[in-house]
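Residue numbers (our numbering), protein chains in the order written: chain A, 4 to 287; chain B, 4 to 287.
Right under this line is the structure:
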């Protein structure tokens, strides 16, 4: 099934677009976001060869979870890249040319060749930069299949509820969205216990494919809590998942790619939330 | 995004289920479908090691495209397997236990360990039986990414139109469904020309991942034509795709897994088509 990067297309409907802006260190420093990114995770000498490939161009909107996961994958691998921010509401010529089928972000241009669909891109990154770089997909085929299964689950179950809580429409009301998200997080809490086996990540000792897929939604889950005045990612209900999110968001390859929840709220208000945020003390 | 094997769950709604029955040689001979399958593609001595793994159990309903692709992948690899037909409308205990999250077919049980979601299963099969067996995923990472992209496209774009033409509901009417399906097939026609490079399959000389993903829907496209009295997979419009489908459906690993379109029509009438089939001379 096509990954639902629905609403992430640049240019379809400005007021409703489910795109996020990026707030990384470069942007905070006032630098244009199209500058080449030399991130802090590239110190490993073993990655020198991979780093030398600078012809990597990511087109997207920095708050989109599907863009975030591509950036995290590149940072995990220690790959230099240029990030080009698409203007919300205006599809660039290069985007239209690079992804003529869906006309959506993210697109990775590697030596000028476009790769589309975020989970396809993450797998591509893992396969192309396999030598001397950390692996993202688990090596064991069964564990890999389990990660792929849950990554699909994440993209199926989380975005609809988040959109509803942001006031972006959807099938159900706020209570139903909270219920659906909680049910999904409960399954992910249990999956984490099984997959991590007492270690830090879904991938065990290292950040894996499912870690990348899920953490890219965390910022918007937190923003949805603030916007709708509800509690979802509750430490009492999902202690392992909350601890995982806290830990992973502090990881050097992730910290720079995921903005603070307030930035998502700002963006949501600007580009399509129909409700005013209610900063609820119960919201995380 | 979670692969939409929606409506393929055994047991949710008998009258509406979008499941297909299998009509392979074994069934035609009146044998129970749970017998071990020794298919005709396993003659290659190089596959002896792989063949010896007989602890492969596929649970599904034989006319489901998502089941068909798992069987094709196993046959391509020359892997012996046991196919257990799920009873439409009754989820087996083993299915519920094997896929507790989605409770859907297909499930591959390999040495008792369940793998769910058809495209995840196909990749698992390709990775586990990699030695001495034909490859399914292209070896080149970029080509692999392109196949993954189009496989997602196939599962996103074809099932909704097919369901509408079967009278199973959907967003649009018959004309819209034909239009949507034709638009998708036009893109796939163009993709075939690019990817096959004048050879037989999307995978070039050999059957690849996208071949497996797409051909599993061909039977239902033809059935939808008959049920709705329309022409979709039209040789004049899509000459390369029609020739590809004809060629691939005759491939030994595929011929046994895909029933004749009439069998899909029969199933559709029994389990949920709201319209009577109109056998249109224009339908292929």
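All residues carry an ideal CB built from backbone N, CA and C; glycine is no exception.
### Task
Apply the 10 Å Cβ neighbour rule to residue 68(B) and answer buried if 16 or more other Cβ atoms are within range, or exposed otherwise.
The residue labelled residue 68(B) in the question sits at position 65 within the second chain. Buried is the call here.
### Query
Would you call residue 105(A) buried or exposed, if buried means 16 or more other Cβ atoms sit within 10 Å of its Cβ?
The residue you call residue 105(A) lines up with position 102 of the first chain. When all chains shown are included, residue 105(A) counts as buried.
### Message
Within 10 Å of its beta-carbon, does residue 134(B) have 16 or more other beta-carbons around it, so buried, or fewer, so exposed?
### Response
Your numbering for residue 134(B) matches position 131 in the second chain. Exposed, since its Cβ has fewer than 16 Cβ neighbours within 10 Å.
### Task
Rank 116(B), 266(B), 124(B), 103(B) by C-alpha distance to the C-alpha of residue 212(B) and give the top, closest one.
Within the second chain, numbered from 1, the residue matching residue 212(B) stands at position 209. Ranking 116(B), 266(B), 124(B), 103(B) by Cα distance to residue 212(B) puts 124(B) first.
### Message
For residue 206(A), count the other beta carbons within 10 Å of its own beta carbon; 16 or more makes it buried, fewer makes it exposed. Which is it?
### Response
Taking the first chain and counting its residues from 1, one reaches residue 206(A) at position 203. Burial call: buried.
### Task
Show which residues of chain A have a CB atom less than 7 Å away from the CB atom of residue 144(B).
Here residue 144(B) corresponds to residue number 141 of the second chain, with the count starting at 1. Ordered by position in chain A, the residues that pass the 7 Å Cβ test against residue 144(B) are 127, 130, 131.
#### Entry: Selected residue, minimal CA-CA separation from residue 266(A), among 59(A), 66(A), 62(A), 60(A)
Counting from one through the first chain, the residue named residue 266(A) turns up at place 263. Minimum Cα distance to residue 266(A) is reached at 66(A).
### Query
Rounded C-beta distance between residue 209(B) and residue 137(B)? I'm assuming under 8 Å.
By 1-based counting over the second chain, the position of residue 209(B) is 206. By 1-based counting over the second chain, the position of residue 137(B) is 134. About 6 Å separates the two Cβ atoms, so the contact holds.
### Query
In the DSSP assignment, what residue or residues form a beta bridge with residue 113(A)?
Within the first chain, numbered from 1, the residue matching residue 113(A) stands at position 110. In the DSSP assignment, the residues bridged to residue 113(A) are 59(A), 116(A).
### Message
Taking the alpha-carbon of residue 113(B) as reference, which of 91(B), 96(B), 92(B), 86(B) has the nearest alpha-carbon?
### Response
Walking along the second chain from the start, residue 113(B) turns up at place 110. The shortest Cα separation from residue 113(B) among 91(B), 96(B), 92(B), 86(B) belongs to 86(B).
### Query
How would you write the range of the beta strand (DSSP E) that residue 84(A) sits in, first residue to last?
On the first chain, position 81 is the one that residue 84(A) refers to. Counting along the chain, the beta strand (DSSP E) containing residue 84(A) begins and ends at 84-88.
### Message
Tell me the rounded alpha-carbon separation between residue 180(B) and residue 193(B).
### Response
Sequence index remark: in the second chain, residue 180(B) carries index 177 (1-based). Sequence index remark: in the second chain, residue 193(B) carries index 190 (1-based). Spanning the two alpha carbons is a distance of roughly 20 Å.
### Query
Relative to the alpha-carbon of residue 146(A), which residue among 220(B), 127(B), 147(B), 189(B) has its alpha-carbon at the smallest distance?
Looking up residue 146(A) in the first chain gives position 143. Per the Cα distances, 127(B).
### Query
Would you say residue 195(B) faces chain A, with C-beta separation under 9 Å as the test?
As a first step, residue 195(B) must be located in the second chain, where it is residue number 192. Using a Cβ-Cβ cut-off of 9 Å, residue 195(B) does not count as an interface residue toward chain A, since no Cβ of chain A sits closer than that to its own.
### Message
Along the stretch 91-125 of chain B, where does the CB come closer than 7 Å to a CB of chain A? Name the residues.
### Response
Listed in sequence order: 104, 116, 118, 119, 120, 123.
### Message
Just to check my reading of the structure: residue 120(B) and residue 152(A) have Cβ atoms closer than 8 Å, yes? What is that Cβ distance to the nearest angstrom?
### Response
Your numbering for residue 120(B) matches position 117 in the second chain. Your numbering for residue 152(A) matches position 149 in the first chain. Yes, they are in contact, since the Cβ atoms of residue 120(B) and residue 152(A) sit about 5 Å apart, within 8 Å.
### Helix, strand or coil at residue 222(B) according to DSSP, with G and I counted as helix
The count along the second chain starts at 1 and reaches residue 222(B) at position 219. Correct three-state label for residue 222(B): helix.
### Message
For chain A, check one thing: does any of its Cβ atoms lie closer than 9 Å to the Cβ of residue 190(B)?
### Response
Counted from its first residue, the second chain places residue 190(B) at position 187. Interface residue, yes.
### Message
Quick check: what's the CA-CA separation for residue 58(B) versus residue 83(A)?
### Response
Within the second chain, numbered from 1, the residue matching residue 58(B) stands at position 55. Within the first chain, numbered from 1, the residue matching residue 83(A) stands at position 80. So the alpha carbons of these two residues sit roughly 45 Å apart.
### Query
From residue 91(A) to residue 172(A), what distance separates their C-alpha atoms?
Here residue 91(A) is taken as the residue at index 88 of the first chain, counted from 1. Here residue 172(A) is taken as the residue at index 169 of the first chain, counted from 1. Rounded to the nearest angstrom, the two C-alpha atoms are 19 Å apart.
### Task
Could you tell me the boundaries of the alpha helix (DSSP H) in which residue 145(A) lies?
Position 142 of the first chain, counted from the start, is the residue given in the question as residue 145(A). Looking at the DSSP string, the run of the alpha helix (DSSP H) that includes residue 145(A) is 144-168.
### Task
Note down the Cα distance separating residue 155(A) from residue 221(A), rounded to an integer number of angstroms.
Working through the first chain from its first residue, we reach residue 155(A) at position 152. Working through the first chain from its first residue, we reach residue 221(A) at position 218. If you take the alpha carbons of residue 155(A) and residue 221(A), they lie about 16 Å apart.
### Task
Please name the residue, chosen from 199(A), 169(A), 117(A), that lies closest to residue 290(A) on a Cα-to-Cα basis.
Any answer about residue 290(A) is impossible in this case: the structure gives chain A only from 4 up to 287.
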